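Novice: Questions regarding the structure given below will be posed in turn.
There are 2 protein chains.
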Amino acid sequence: MTTQEVSEPTQVAWLRFLRAHAAITRELSSRLEALHELTLSDYDVLVQLYFAPERRMRRIDIARSVLLTASGITRLLDGLEGCGLVEKARCDSDARVTYAVLTDAGVKKVEEARDSHLADIEELFGAQFEPKERRQLAELLGRLPLAHTSEACSP
Amino acid sequence: MTTQEVSEPTQVAWLRFLRAHAAITRELSSRLEALHELTLSDYDVLVQLYFAPERRMRRIDIARSVLLTASGITRLLDGLEGCGLVEKARCDSDARVTYAVLTDAGVKKVEEARDSHLADIEELFGAQFEPKERRQLAELLGRLPLAHTSEACSP
DNA sequence: GAGCTAAACTTGAGATCGCAAGGATCATAG
DNA sequence: CTATGATCCTTGCGATCTCAAGTTTAGCTC
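Chains U and A, in that order, are what the protein sequence lines are. First residue of the first sequence? That's 375 in this note's numbering, and the numbers climb one at a time after it. First residue of the second sequence? That's 375 in this note's numbering, and the numbers climb one at a time after it.
Next up, the structure:
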């Protein structure tokens with residue numbers, strides 16, 4: 375124990391969680407930006423679309439799955455549309471909703487960025503753990519509130 | 375397996391890590407803001423100072439321990455100084471450094487905010503785990519890069 | 001002690017994101 | 001069919017934070 379008097383395991387765990395997040399996302403972001411000109415959030419959204427049926431989603435569903443605000447998604451998609459990675463599409467049955475559809479360029483972009491990014495995640499995150507520990511960690515993290523929003527899609 | 379074809383445990387764990395961070399910090403922030411008018415980072419810095427020897431730290435050390443940029447710390451401390459929670463102090467042996475010192479009001483603020491914030495952390499984070507799992511999780515997270523910067527202070 | 005490099009800090013500019021408010025559309029109830 | 005409330009999306013505004021550049025001071029070397 376050093377500076378922190380209180381070393382309740384929960385607090386220690388939370389502190390490490392916070393710091394690790396800051397450190398890892400900073401590094402991941404910077405690499406992703408350098409190699410592919412994408413934000414972590416950009417990539418996140420692109421991948422959601424990539425695996426969505428017909429590669430399209432309502433903006434609100436994107437927001438919920440990546441845990442951003444609706445307004446955050448609007449502006450993020452503005453950027454991706456500007457790059458031609460994503461297009462808007464109207465919804466016939468409901469004029470309020472606009473779909474975001476991955477373009478061919480978008481598909482290509484995901485496939486280009488995927489390998490290096492997954493390798494980075496492996497290096498900065500996964501590599502610290504044995505296979506068994508990875509599953510264990512995934513299970514533990516899965517209990518946290520909203521930890522698996524992106525693992526379920528609304529129709 | 376739902377939308378994500380690739381369910382390598384590492385990727386699942388990382389995704390959950392990301393989402394859980396977003397969800398929990400959003401909620402913690404909002405409560406902290408509502409009750410005590412503090413950002414999560416504000417609180418973080420205040421606590422670092424609270425446990426530092428003489429309740430003072432060089433700005434650069436604060437930056438390293440909470441994983442913010444030097445410029446981030448400058449502006450964050452501007453705010454805390456404006457509220458009277460922190461003061462500047464010059465360093466006799468090195469004119470380049472400015473210390474940040476917790477004021478009495480700052481001490482009080484930390485002690486006021488502490489209980490509710492720790493309770494929030496317990497509720498949103500710790501409560502999902504058994505005591506044994508908490509230690510396990512802390513250990514696992516501790517292996518991540520820079521996860522315990524705040525557990526060691528430079529002189 | 002003059003010059004050089006490195007460190008600590010600040011500042012300006014820009015990016016990202018949330019909140020609050022507003023507009024459009026749908027769905028339901030009367 | 002109209003009124004009400006909810007949902008989807010966008011926009012204005014502000015807050016936070018980073019990066020790059022600049023200033024001042026230390027510490028070294030020659």
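All residues carry an ideal CB built from backbone N, CA and C; glycine is no exception. Every value quoted in this text rests on a predicted model; they were computed, and no experiment measured them.
Along the region 511-527 of chain A, where does the CB come closer than 7 Å to a CB of chain U? Name the residues.
Specialist: From the region 511-527 of chain A, only 511, 512, 514, 515, 516, 517, 518, 519, 520, 521, 522, 523, 524, 525, 526, 527 have a Cβ closer than 7 Å to chain U.
Novice: Which residues in chain A have a C-beta closer than 7 Å to the C-beta of residue 509 of chain U? List them in chain order.
Specialist: Chain A residues near residue 509 of chain U: 383.
Novice: Tell me whether residue 512 of chain A sits in a helix, a strand or coil according to DSSP, three-state version.
Specialist: It is helical.
Novice: Quick check on this structure: which residue in A/447, A/449, A/423, A/401 has the alpha carbon closest to the alpha carbon of residue 534 of chain A?
Specialist: A question about residue 534 of chain A goes unanswered here, because the residues of chain A that appear run from 375 up to 529.
Novice: Could you list which residues in chain A have their beta carbon closer than 7 Å to that of residue 386 of chain U, in chain order?
Specialist: Near residue 386 of chain U (Cβ distances below 7 Å), the residues of chain A are 512.
Novice: Please work out which residues of its chain come closer than 8 Å, Cβ to Cβ, to residue 465 of chain U, disregarding the five sequence neighbours upstream and downstream, and give them in chain order.
Specialist: Here the set comprises 432, 471, 472, 473.
Novice: Am I right that residue 512 of chain U and residue 390 of chain A are in contact with their C-beta atoms under 8 Å? What's the rounded C-beta distance?
Specialist: Rounded, the Cβ-Cβ distance is 6 Å, consistent with contact.
Novice: State the CB to CB distance for the pair residue 420 of chain A and residue 459 of chain A, rounded to an integer number of angstroms; the pair is presumed to be in contact (CB under 8 Å).
Specialist: Residue 420 of chain A to residue 459 of chain A, Cβ: 7 Å. Contact.
Novice: Please compile the residues from chain U whose C-beta is within a distance smaller than 9 Å of the C-beta of residue 491 of chain A.
Specialist: Neighbours of residue 491 of chain A on chain U: none; closest Cβ ~10 Å, over 9 Å.
Novice: Does the pairing of the region 516-523 of chain A with the region 397-407 of chain U give three or more beta-carbon distances under 8 Å?
Specialist: The region 516-523 of chain A vs the region 397-407 of chain U: in contact.
Novice: Given a threshold of 16 other Cβ atoms within 10 Å of its Cβ, counted over all protein chains shown, does residue 489 of chain A qualify as buried or as exposed?
Specialist: That one is exposed.
Novice: Measure the Cβ-Cβ separation of residue 414 of chain U and residue 403 of chain U and say whether it is below 9 Å.
Specialist: Contact: yes.
Novice: So what's residue 461 of chain A in DSSP terms, helix, strand or just coil?
Specialist: Residue 461 of chain A falls in the strand class under three-state DSSP.
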